[in-house]
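Colleague: Just dropping this structure here.
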Amino acid sequence: MNYFSSNFKLGILGGGQLGKMLLTETRKFDIYTCVLDPSDEAPSKIACNEFTQGDLMDYETVVNFGKNVDVLTIEIENVNANALETLEKQGVKVFPSSRTLKIIQNKATQKLFYVDNNIPTANFTRFAYLSQIEDAIDNGGLHLPFVWKAAQFGYDGNGVKVVRSKADLKDLQDGECIAETLIPFKNELAVIVSRNVEGDVKTYPVVEMEFHPEANQVEYVICPARIGTKIAHKAQDIALKVSKAFNHVGLLAVEMFQTQDDQILVNEVAPRPHNSGHHTIESSYTSQFEQHLRAILNLPLGKTDNKVAAVMVNLVGAEDHSGDVIYENIEDIMAMDGVTPHIYGKKQTRPFRKMGHVTIVNEDLNEARQIAEDVKNLIKVISQ
Numbered sequence: 001m002n003y004f005s006s007n008f009k010l011g012i013l014g015g016g017q018l019g020k021m022l023l024t025e026t027r028k029f030d031i032y033t034c035v036l037d038p039s040d041e042a043p044s045k046i047a048c049n050e051f052t053q054g055d056l057m058d059y060e061t062v063v064n065f066g067k068n069v070d071v072l073t074i075e076i077e078n079v080n081a082n083a084l085e086t087l088e089k090q091g092v093k094v095f096p097s098s099r100t101l102k103i104i105q106n107k108a109t110q111k112l113f114y115v116d117n118n119i120p121t122a123n124f125t126r127f128a129y130l131s132q133i134e135d136a137i138d139n140g141g142l143h144l145p146f147v148w149k150a151a152q153f154g155y156d157g158n159g160v161k162v163v164r165s166k167a168d169l170k171d172l173q174d175g176e177c178i179a180e181t182l183i184p185f186k187n188e189l190a191v192i193v194s195r196n197v198e199g200d201v202k203t204y205p206v207v208e209m210e211f212h213p214e215a216n217q218v219e220y221v222i223c224p225a226r227i228g229t230k231i232a233h234k235a236q237d238i239a240l241k242v243s244k245a246f247n248h249v250g251l252l253a254v255e256m257f258q259t260q261d262d263q264i265l266v267n268e269v270a271p272r273p274h275n276s277g278h279h280t281i282e283s284s285y286t287s288q289f290e291q292h293l294r295a296i297l298n299l300p301l302g303k304t305d306n307k308v309a310a311v312m313v314n315l316v317g318a319e320d321h322s323g324d325v326i327y328e329n330i331e332d333i334m335a336m337d338g339v340t341p342h343i344y345g346k347k348q349t350r351p352f353r354k355m356g357h358v359t360i361v362n363e364d365l366n367e368a369r370q371i372a373e374d375v376k377n378l379i380k381v382i383s384q
């Protein structure tokens, strides 16, 4: 099929920053794109050929949007999977598939999938209601501390909380959830696996994630991860096992824990371009966004090696600022060698909202990490 400078249409569900960065690649290849997003101010709006405002969870909206495209993909998991199933039956190619998405959308279902497929993961208990957790603690069926996760609609640290006492339960949303054993891990790692329609598979180098202690958001993504070759191979092997179990098409970001005794446990996955792969725009032969396109269009997969070491810093809204955004000291960080800011196009900032990222590339990983810290301390995402 001819995708380039033709009447082929690629549909993207979600118009956030991941969509916007994906559209940089579709424009490079001159692929016609249609985007659906609930917000009229979606970052992707400026970069696609057709923009439709609509609810991603509404069945009719998604079906009506999807039936006008040849291939449909996502940049966010919170979409109506039943609508995707209908579109698949109507002959639209949907990647990731509705089957994959239904498993991943619900964290309890996702965890059971790992158990069924002998994929190592932290022990967990599933609950239909929050009140059942309190009962389980009282009768000794559940021990503190543990990690509470809402089964659905969590993102960027929302819907996840470490519970150290019963008092920590009081502000949590009710509904289906899981309580997961708190792993005293050495490292949080991630591997992005790409798989095209024919089943060709490639993995990106293992990255290491450093988290913000309060916001539960990634502060630094470090590539390559500062781990031994043996651990790196183990992480990649497990990521490939997860990818094979899902038999997904596109990208699959596999987030993992490296335990104190060097076990690798799968935390969760995302079937799309992912925060842990943003550095690939500057550091890799093939960015994750180009690779996602190559995979879903069944084109040959690109080379995934690093050209250079990289550290990525998320730009999130400062804690006490809401309103029209200002990027303070951005000129100062741009004066540093190897520093590239990416601004997502969200006009309004609020505490911890992802507003952009900065990639730092350097021949020396330790130097890149030091510059990343300087960048983090210098740039401020504030309001007017």
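Mapping the sequence shown onto full-length UniProt numbering, position 127 (from 1) lands on 127, and the numbers just tick up by one. From the three backbone atoms N, C-alpha and C, an ideal C-beta is built for every residue, glycine too. Note that the structure is predicted; figures quoted are calculated from it, not measured.
Please go through the same chain and pick out, in chain order, the residues whose beta-carbon is closer than 8 Å to the beta-carbon of P38, but skip the five residues on each side of it.
Modeller: Q53, G54, D55 and L56
Colleague: Nearest to S131 by alpha carbon, out of V160, D116, D171 and P120?
Modeller: Closest by alpha carbon: D171.
Colleague: Which partner residues of E208 appear in the DSSP bridge assignment?
Modeller: L189 and I222
Colleague: Contact defined as beta carbons within less than 8 Å: I believe G250 pairs with H292. What is the distance between those atoms, to the nearest angstrom?
Modeller: 5 Å
Colleague: Is P145 helix, strand or coil by DSSP?
Modeller: coil
Colleague: For L365 and chain D, any beta-carbon pair shorter than 7 Å?
Modeller: Among the chains of the structure shown, chain D does not appear; only one protein chain is present.
Colleague: Spell out a yes or no on whether the stretch 251-258 and the stretch 182-194 are touching, meaning 3 or more CB-CB pairs, one atom from each, closer than 8 Å.
Modeller: yes
Colleague: Check the C-beta distance from N78 over to E198 and give it rounded, since I have them as a contact under 8 Å.
Modeller: About 29 Å separates the two Cβ atoms, so there is no contact after all.
Colleague: On the premise that V266 lies in contact with I119, defined as a C-beta separation below 8 Å, what is that separation, rounded to the nearest angstrom?
Modeller: 5 Å
Colleague: Within this structure, are the beta carbons of P271 and L240 separated by less than 7 Å?
Modeller: no
Colleague: Do you know how far the Cα of V63 is from the Cα of T86?
Modeller: The alpha-carbon atoms of T86 and V63 are separated by roughly 7 Å.
Colleague: S44 by DSSP, collapsed to three states: which one?
Modeller: helix
Colleague: What's the C-alpha gap between I333 and P96?
Modeller: 37 Å
Colleague: Please report how far the alpha carbon of K234 lies from the alpha carbon of Y220, in whole angstroms.
Modeller: 22 Å
Colleague: Which residue marks the beginning of the beta strand (DSSP E) containing R272, and which one marks its end?
Modeller: Here R272 belongs to no beta strand (DSSP E), and DSSP marks it neither H nor E.
Colleague: Can you give me the Cβ contacts of H274 inside the same chain, cut-off strictly under 6 Å, excluding the 5 residues immediately before and after it?
Modeller: A253
Colleague: Using DSSP with H/G/I as helix, E/B as strand and the rest coil, what is E134?
Modeller: helix
Colleague: Compute the Euclidean distance between the alpha carbons of F4 and A245, then round it to the nearest angstrom.
Modeller: 32 Å
Colleague: Within the same chain, show all residues whose beta-carbon is closer than 8 Å to that of K45, passing over the 5 residues directly before and after it, in chain order.
Modeller: Here the set comprises G15, V35, D37 and F51.
Colleague: Assign T125 to one of three DSSP states: helix, strand, or coil.
Modeller: Here T125 sits in strand by DSSP.
Colleague: What's the call for E25, buried or exposed, on a 16-neighbour Cβ count within 10 Å?
Modeller: buried
Colleague: Quick check on this structure: which residue in M1, T73, F289 and S383 has the alpha carbon closest to the alpha carbon of G323?
Modeller: S383
Colleague: For A81, does the count of other Cβ atoms within 10 angstroms reach 16, so buried, or fall short, so exposed?
Modeller: buried
Colleague: Could you spell out where the alpha helix (DSSP H) holding S39 opens and where it closes?
Modeller: Unbroken run through S39: none, as it is neither H nor E.
Colleague: Just mark P145 as buried or exposed, buried being the case when its beta carbon has 16 or more other beta carbons within 10 Å.
Modeller: exposed
Colleague: With 16 as the cutoff for other CB atoms within 10 Å, does F289 come out buried or exposed?
Modeller: By the neighbour-count definition (other C-beta atoms within 10 Å, threshold 16), F289 is a buried residue.
Colleague: Taking a contact to mean a Cβ-Cβ separation below 7 Å, would you say Y327 touches D305 in this structure?
Modeller: no
Colleague: In whole angstroms, give me the CA-to-CA distance for G66 and L72.
Modeller: 7 Å
Colleague: Taking 8 Å as the limit between beta carbons, can you name the residues of its chain near L142, skipping five residues before and five after?
Modeller: Excluding sequence neighbours, L142 sits near T125, I133, A136 and A179.
Colleague: Could you compute how far the alpha carbon of L22 sits from the alpha carbon of S165?
Modeller: 42 Å
Colleague: Buried or exposed: which applies to E331, given that a residue is buried once 16 or more other Cβ atoms fall within 10 Å of its Cβ?
Modeller: exposed
Colleague: What span of residues does the alpha helix (DSSP H) with K28 cover, start to end?
Modeller: Q17 to F29
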